[in-house]
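**Student:** Starting off with a structure, shown below.
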Amino acid sequence: MDKTALNAFSQVTQTISDDSPSPKSLWQTQLAEAWRSPADLLDRLELTELLASVPTDLHQFPLLVPDSFVQRMQLGNPLDPLLRQVLPVNSELTVTEGFADDPVQDQDASPLPGMIHKYANRVLLITTGTCAVHCRYCFRRHFPYEAAPRSLEQWEQVLEELAGDREIDEVILSGGDPLTWTDRRLEKLIVRLAEIPHLQRIRIHSRLPVVLPARVTDDLVRILTSTRLQPIFVIHANHGNEIAGDAREQLQRLARSGFPVLNQAVLLRGVNDSVDAQTELCRRLINIGVIPYYVNQLDRVQGAAHFEVPVEEGRRILGALKAKLPGYAVPRYVIDIPGQGSKTEINCDPSEHRC
Ligand code: SF4
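Sequence positions in the sequence shown follow this note's numbering and run 959 to 1313.
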């Protein structure tokens, strides 16, 4: 396996996570051994014929996927919904009108490096540019992560800003993926945030419990259950096949830890663009105590146009879920419109004949 082709995302990863002289945890070893070579991955999946459709020049956002996630893919299936999310394809090189590098205008809402303040009472921190997986549809695939703080000391300015704005009561740790930080580093930041009296909640947005389940460590659970801040954990799974094996067990463990665990999915062509796929995903989530929260309309990021499902089709799919699932298991279909004070819900009510 070629592990030398680290991209800009992954180099940031190394810098940030090397804060501990401790031996590597299991999840860190698994992340270091993640698949980075399309040829090796396709050989492993008995799909070498797909190599011709993989671009050779994707240095800024190359293949990255942990073996745990690969183990949930079907051998010899070129349409596998998990493979489709991570395998680079030539379509990504097509420049599509209406798609942009920063489709949700994150950078216009960034008063300080590493801080995004779009909504009245909550602030999002870009903790890192590192992820455990490179999702080909990622809306931050062109994000300038180099500008974000790299050490805890560099977060001081952001912490001061948070301490000075009493309207903010929730901090969202995002990225990249905040759980690529070590537990020790994560705890240090959360302790500092908890010292700010008007902060009430800490939200973690992470795909690691799904793609790298070993990341749900005893220490992580301890950190989240011992802070005075109310944790809200938001995972990211798009297809029912992701909720299997170790991931299923570790997600259930997280959901039974005493704080809300929600799922955000993205509606993706060829991955989950059917009533059956969405229903099965929601069923598997609620069976382990994870609430299906949002299905996001694809953010129109350059390179991801082949994943887009038209909103009218999304309405039909999501609208059909009400007849198949209990009310608490039906996710809200939302779209991120730049300049709005929150995500915008897309109406899927069949009684309004709009689906
Ligand atoms: S969608 Fe999330 S986990 Fe995937 S590449 Fe983007 S930031 Fe990373």
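All C-beta atoms, glycine included, are put in the ideal place defined by N, C-alpha and C. None of these values were measured; they are calculated from a predicted model.
(1) Decide yes or no for the touch test of the stretch 1149-1160 against the stretch 1202-1214: beta carbon pairs closer than 8 Å, at least 3 of them.
(2) Beta-carbon within less than 7 Å of K1146's beta-carbon, same chain only, minus the 5 sequence neighbours each way: which residues are those?
(3) Hey, T1175 and S1026: beta-carbon distance below 8 Å or not?
(4) Does any heavy atom of the ligand SF4 sit closer than 7 Å to the C-beta of V1091?
(5) Looking at the strands, I want to know which residues DSSP matches up with V1028.
(6) Return the CA-CA distance between C1093 and Q1032, expressed in angstroms with no decimal places.
(7) From R1098 to T1088, what does the alpha carbon distance come to, in whole angstroms?
(8) Compute the Euclidean distance between the alpha carbons of S1300 and R1030, then round it to the nearest angstrom.
(9) Which first and last residues belong to the alpha helix (DSSP H) in which V1149 is found?
(10) Enumerated in chain order, which unbroken segments of the alpha helix (DSSP H) with a length of 4 residues or greater are wholly contained in the stretch 1045-1079?
(11) I'd like to know whether the C-beta atoms of L1151 and V1116 end up nearer to each other than 8 Å.
(12) My guess is that V1229 and N1196 are in contact by the Cβ rule of under 8 Å, so how many angstroms apart are they, rounded?
(13) Using only CA atoms, which one of D1307, V1224, E1114 and K1282 lies nearest to V1233?
(14) According to DSSP, simplified to helix, strand and coil, what is R1186?
(15) According to the neighbour-count rule (16 or more other Cβ atoms, all chains shown, within 10 Å of its Cβ), is I1181 buried or exposed?
(16) With C-beta atoms as the reference, is L1166 less than 8 Å away from D1135?
(17) I need the straight-line Cα distance from V1321 to N1221, nearest angstrom please.
(18) Between R1258, A1287, I1148 and I1190, which lies nearest to T1237 when the distance is taken from Cα to Cα?
(19) Roughly how many angstroms separate the alpha carbons of E1050 and F1057, rounded to a whole number?
(20) Who does Q1222 pair with in a DSSP beta bridge?
(21) For D960, which of helix, strand or coil comes out of DSSP?
(22) Within 7 Å: the Cβ of R1030 and any heavy atom of the ligand SF4?
(23) Roughly how many angstroms separate the alpha carbons of V1053 and R1258, rounded to a whole number?
(24) For H1163, which residues does DSSP report across the bridge?
(25) When burial is assigned at 16 or more other CB atoms within 10 Å of the CB, is T1085 buried or exposed?
**Tutor:** Inspection of the coordinates gives the following:
(1) no
(2) By one-based count along the sequence shown, residue 1146 stands at place 188. Within the same chain, K1146 has close Cβ partners L1110.
(3) Here residue 1175 refers to the residue found at position 217 of the sequence shown. Here residue 1026 refers to the residue found at position 68 of the sequence shown. Their beta carbons are not under 8 Å apart, which means T1175 does not touch S1026 by this criterion.
(4) Within the sequence shown, the letter at position 133 stands for residue 1091. Yes; taking the cut-off as 7 Å, the Cβ of V1091 has a heavy atom of the ligand SF4 nearer than that.
(5) If you number the sequence shown from 1, residue 1028 lands on position 70. Partner(s): none; V1028 has no beta bridge.
(6) Taking the sequence shown and counting its residues from 1, the one referred to as residue 1093 is at position 135. Taking the sequence shown and counting its residues from 1, the one referred to as residue 1032 is at position 74. About 18 Å.
(7) The residue you call residue 1098 lines up with position 140 of the sequence shown. The residue you call residue 1088 lines up with position 130 of the sequence shown. C-alpha separation (whole angstroms): 11 Å.
(8) The residue labelled residue 1300 in the question sits at position 342 within the sequence shown. The residue labelled residue 1030 in the question sits at position 72 within the sequence shown. Looking at the two C-alpha atoms, the distance is approximately 34 Å.
(9) For this step, residue 1149 is matched to residue 191 along the sequence shown. V1149 -> alpha helix (DSSP H) spans D1141 to A1152.
(10) none
(11) Sequence index remark: in the sequence shown, residue 1151 carries index 193 (1-based). Sequence index remark: in the sequence shown, residue 1116 carries index 158 (1-based). Cβ atoms of L1151 and V1116: not closer than 8 Å.
(12) Your numbering for residue 1229 matches position 271 in the sequence shown. Your numbering for residue 1196 matches position 238 in the sequence shown. Going by Cβ atoms, the distance from V1229 to N1196 rounds to 6 Å, so yes, they are a contact pair.
(13) Position 275 of the sequence shown, counting from 1, holds the residue named residue 1233. Per the Cα distances, K1282.
(14) Within the sequence shown, numbered from 1, the residue matching residue 1186 stands at position 228. The answer is coil: DSSP assigns R1186 none of H, G, I, E or B.
(15) Indexing the sequence shown from 1 puts residue 1181 at position 223. Label assigned to I1181: buried.
(16) Position 208 of the sequence shown, counted from the first residue, corresponds to residue 1166. Position 177 of the sequence shown, counted from the first residue, corresponds to residue 1135. Yes; because the gap between Cβ atoms is below 8 Å, this pair is in contact.
(17) Beyond the ends of the chain as shown, which are 959 and 1313, falls residue 1321; an answer cannot be given.
(18) Within the sequence shown, numbered from 1, the residue matching residue 1237 stands at position 279. When each option's Cα is compared against that of T1237, the closest is A1287.
(19) In the sequence shown, residue 1050 corresponds to position 92, counting from 1. In the sequence shown, residue 1057 corresponds to position 99, counting from 1. Their backbone Cα atoms lie some 12 Å apart in a straight line.
(20) By one-based count along the sequence shown, residue 1222 stands at place 264. Its beta-bridge partners are H1194 and Y1252.
(21) For the purposes of this step, residue 960 is identified with residue 2 of the sequence shown, where counting begins at 1. Any answer about D960 is weak, because its pLDDT of 34 lies below 50 and its placement is not dependable; what the coordinates show is given next. Here DSSP, grouped into helix, strand and coil, assigns D960 to coil.
(22) As a first step, residue 1030 is located in the sequence shown; it is residue number 72 there, counting from the start. It does not: the Cβ of R1030 is nowhere closer than 7 Å to a heavy atom of the ligand SF4.
(23) On the sequence shown, residue 1053 is found 95 positions in, with the first residue counted as 1. On the sequence shown, residue 1258 is found 300 positions in, with the first residue counted as 1. Taking the straight line joining both Cα atoms gives about 12 Å.
(24) Here residue 1163 is taken as the residue at index 205 of the sequence shown, counted from 1. Paired residue(s): V1192.
(25) For the purposes of this step, residue 1085 is identified with residue 127 of the sequence shown, where counting begins at 1. When all chains shown are included, T1085 counts as buried.
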